[in-house]
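Colleague:
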Amino acid sequence: MLELQAWSHTAPAGAFAVVLGLLWGSFANVCIYRWPAGKSVVKPGSHCGSCGTPIAWYDNVPVLSYLWLRGQCRACQAHFSARYMLVELVTGVLFGVAWWFTLGTGGMFAPEATRLLEFVVDASFVFVMIVIAFIDLDTKLILNRVTVPSTIVFYAASLALHHRWWQGLVGIAVGYGVPWLIGEIYIRIRDQEGLGLGDSTMLAAVGALLGWQGALVALFGGAMLGSVIGVAALLMARANAPAPAESEEPAPTLLKSELPFGPFLAMGAVFYVFAAPWIELHFRL
193 MLELQAWSHT APAGAFAVVL GLLWGSFANV CIYRWPAGKS VVKPGSHCGS
243 CGTPIAWYDN VPVLSYLWLR GQCRACQAHF SARYMLVELV TGVLFGVAWW
293 FTLGTGGMFA PEATRLLEFV VDASFVFVMI VIAFIDLDTK LILNRVTVPS
343 TIVFYAASLA LHHRWWQGLV GIAVGYGVPW LIGEIYIRIR DQEGLGLGDS
393 TMLAAVGALL GWQGALVALF GGAMLGSVIG VAALLMARAN APAPAESEEP
443 APTLLKSELP FGPFLAMGAV FYVFAAPWIE LHFRL
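See the structure below:
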């Protein structure tokens, strides 16, 4: 145990966490592609979507295989989206951040076993947020098959981390209730959907682990990010779009544009999962 404790603070341990994240990022790609289609993430194994050829293990190494094959299938040369590599890289980096905040230099205030559990929980939370965010980008859907089990697991994890039993329950209630209420008010005023129930179930999962504070930070932090990025994206799209003919409809305004909110909620939630201990320490000091 002492040897593990000494090793967990070293640079190779951090590199191991990043590699672990790259591997889980590869699995995240499978989940992002198959879950919305109602497919199993276990069978069949990884294969080319164009020719159906199974992908050998040496062509399935995260990031490296994509670069080596230049984003193409070895058999039919069909192109794979660079987003596969992006998901792997983001997951690997965030696993490394989770290691630093728990087992690395950033986490020196708890017993080793507690810090190891915190790393597992934080890494799992990051994985779920990435899967939800990219599925929402693709389909504009947040799947109950992801959020509902995650809520149960994250609440159990909060108890394992010695959070008070009611904190996760209040977080679930606030995480689900506040966006539901905002959505109801919005639909009454503008007669169109603002926040969907998928956003509510996602924030319920966030609140199960991070309490009501984490749910609200994810919601309002995500709203701020969404506003800034959404306005910038809309302005760029309008600037690059050709001038509409007289018979064409005008370009959509920001209020009528539809953006997936899940990625922004995920950004706010991931920020809070790492920042919360430091915020709490700051206010205590």
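In this text, residue positions in the sequence shown follow my numbering: the first is 193, and each later residue adds one.
All C-beta atoms, glycine included, are put in the ideal place defined by N, C-alpha and C.
Please read these numbers as outputs of a predicted model, since none were measured by experiment.
What are the boundary residues of the alpha helix (DSSP H) that includes residue 342?
Modeller: That run of the alpha helix (DSSP H) goes 336-352.
Colleague: Take the Cβ of residue 359 as the centre, count every other Cβ of all protein chains shown within 10 Å, and call the residue buried at 16 or more, exposed below.
Modeller: It counts as buried.
Colleague: What first and last residue would you give for the alpha helix (DSSP H) that runs through residue 316?
Modeller: It spans 304-331 - the alpha helix (DSSP H) in which residue 316 sits, taken as one unbroken run.
Colleague: Given this structure, state the Cα-to-Cα distance separating residue 141 from residue 420, to the nearest angstrom.
Modeller: In the structure displayed, the chain extends from 193 to 477; residue 141 sits before or after that span and is not available.
Colleague: If you measure between the beta carbons of residue 274 and residue 243, is that distance less than 8 Å?
Modeller: No.
Colleague: Do the CB positions of residue 413 and residue 460 come within less than 8 Å of each other?
Modeller: Yes; because the gap between Cβ atoms is below 8 Å, this pair is in contact.
Colleague: Confirm, please, whether the CB-CB distance from residue 283 to residue 327 is below 8 Å.
Modeller: No.
Colleague: Do the segment 355-370 and the segment 397-407 meet, that is, are 3 or more Cβ pairs less than 8 Å apart?
Modeller: Segments in contact, yes.
Colleague: Output yes if chain B places a C-beta closer than 8 Å to the C-beta of residue 227; else output no.
Modeller: As a matter of chain content, chain B is missing from the structure shown, which is built from one protein chain.
Colleague: Taking 8 Å as the threshold, find out whether the segment 275-294 comes into contact with the segment 200-216 through three or more Cβ pairs.
Modeller: The answer is yes - the segment 200-216 touches the segment 275-294, with three or more Cβ pairs under 8 Å.
Colleague: Which residue comes first and which comes last in the alpha helix (DSSP H) that contains residue 368?
Modeller: Residues 357-382.
Colleague: Check whether the Cβ atoms of residue 427 and residue 457 sit closer than 8 Å, and answer yes or no.
Modeller: Result no, Cβ atoms of residue 427 and residue 457 do not sit closer than 8 Å.
Colleague: Assuming residue 400 contacts residue 346 (C-beta within less than 8 Å), just tell me the rounded distance between them.
Modeller: Confirmed, about 4 Å.
Colleague: In the DSSP assignment, find the alpha helix (DSSP H) that holds residue 283 and state where it starts and stops.
Modeller: That run of the alpha helix (DSSP H) goes 275-294.
Colleague: Please classify residue 232 as buried or exposed, where buried requires at least 16 neighbouring CB atoms within 10 angstroms.
Modeller: Its Cβ having fewer than 16 others within 10 Å, residue 232 is exposed.
Colleague: For residue 333, which residues from the same chain have a beta carbon less than 7 Å from its beta carbon, with the 5 sequence-adjacent residues on both sides left out?
Modeller: So the qualifying residues of the chain are 228, 327, 390.
Colleague: List in chain order: all unbroken alpha helix (DSSP H) runs of 4+ residues lying wholly within the segment 222-268.
Modeller: Counting whole runs of 4 or more residues, the segment 222-268 contains the alpha helix (DSSP H) stretches 256-260.
Colleague: Considering only the beta carbon of each residue, do residue 336 and residue 393 sit closer than 8 Å?
Modeller: Yes, Cβ-Cβ distance for residue 336 and residue 393 is below 8 Å.
Colleague: Quick test of your reading: residue 465 and residue 395, contact by CB under 8 Å. State the CB separation rounded to the nearest angstrom.
Modeller: Wrong, their Cβ atoms sit about 13 Å apart, outside the cutoff.
Colleague: When the distance is taken between beta carbons, is residue 349 closer than 8 Å to residue 318?
Modeller: Not a contact, by the Cβ cut-off of 8 Å.
Colleague: Just mark residue 230 as buried or exposed, buried being the case when its beta carbon has 16 or more other beta carbons within 10 Å.
Modeller: By the neighbour-count rule (16 or more Cβ atoms within 10 Å), residue 230 is not buried but exposed.
Colleague: Can you check DSSP and say which residues form a bridge with residue 271?
Modeller: DSSP lists 264 as partners of residue 271.
Colleague: Once DSSP output is grouped into helix, strand and coil, what is the label at residue 452?
Modeller: Looking at residue 452 - three-state DSSP - the assignment turns out to be coil, as it is neither helix nor strand.
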